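Enquirer: Dumping the structure here so I can ask a few things about it.
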Amino acid sequence: MRYEDLVASPIEASGQIYDFVGLTFTPDVECFVWTSMYGGLPDDCNICTTRANAATTAYKWRSENKKFLQILMAQKECAAVMNTLGYRSFNTSLEILNTNISSTLQDYGDPTWLKVDV
Numbered sequence: 008m009r010y011e012d013l014v015a016s017p018i019e020a021s022g023q024i025y026d027f028v029g030l031t032f033t034p035d036v037e038c039f040v041w042t043s044m045y046g047g048l049p050d051d052c053n054i055c056t057t058r059a060n061a062a063t064t065a066y067k068w069r070s071e072n073k074k075f076l077q078i079l080m081a082q083k084e085c086a087a088v089m090n091t092l093g094y095r096s097f098n099t100s101l102e103i104l105n106t107n108i109s110s111t112l113q114d115y116g117d118p119t120w121l122k123v124d125v
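The numbering of the sequence shown is my numbering, which starts it at 8 and goes up by one.
This is the structure we're talking about:
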């Protein structure tokens with residue numbers, strides 16, 4: 008499961024994970040998931056696990072794109088993994104800054120067990 012999928016629909020995605028491993032997704036777990044993703048705490052702590060808005064945090068790197076060459080290098084080195092997990096490769100810094108262009112692709116390709124219905 009991609010982090011972007013989790014933060015887009017945290018309750019549904021977490022429920023699917025619990026179903027997959029055979030655990031009961033209780034109201035207490037649902038509350039924990041929601042608080043962890045949208046707890047309203049400051050996002051300036053790089054080691055904290057609770058975020059004010061996890062969806063915003065997931066895409067923050069795109070608006071703070073100052074090192075495009077490093078992104079290109081990472082995309083080149085990680086191309087196979089990015090393709091398998093359904094991540095888009097960007098060609099220009101303008102593409103990265105354009106939030107109308109999704110950083111994830113709907114088609115994960117292979118393996119199919121990585122797909123999560125959210």
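We put the beta carbon where it would ideally sit given N, CA and C, even for glycine. Please read these numbers as outputs of a predicted model, since none were measured by experiment.
Quick one: grab the DSSP three-state call for T99.
Expert: If DSSP states are grouped into helix, strand and coil, T99 belongs with coil.
Enquirer: Is it the case that the CB of G93 approaches a heavy atom of the ligand GTP more closely than 6 Å?
Expert: The ligand GTP is not among the ligands present in this structure, which contains no ligands whatsoever.
Enquirer: Let me know the secondary structure DSSP gives T106 once reduced to three states.
Expert: T106: coil per DSSP, three-state reduction.
Enquirer: Sort out for me which residues DSSP pairs T111 with in a bridge.
Expert: DSSP lists Y94 as partners of T111.
Enquirer: State the CB to CB distance for the pair R69 and S110, rounded to an integer number of angstroms; the pair is presumed to be in contact (CB under 8 Å).
Expert: About 7 Å separates the two Cβ atoms, so the contact holds.
Enquirer: How far does the alpha helix (DSSP H) with E19 in it reach, from first residue to last?
Expert: Where E19 is concerned, the enclosing alpha helix (DSSP H) stretches over P17 to V28.
Enquirer: Which residue wins for smallest C-alpha separation from G46, given the options T33, T63 and F32?
Expert: Selected option, being the one with the closest Cα: T63.
Enquirer: Are there 16 or more other CB atoms within 10 angstroms of the CB of D12, so buried, or fewer, so exposed?
Expert: It is buried - the Cβ of D12 has at least 16 other Cβ atoms within 10 Å.
Enquirer: Please report the residue range of the alpha helix (DSSP H) in which R69 lies.
Expert: Segment A61 to S70, the alpha helix (DSSP H) holding R69.
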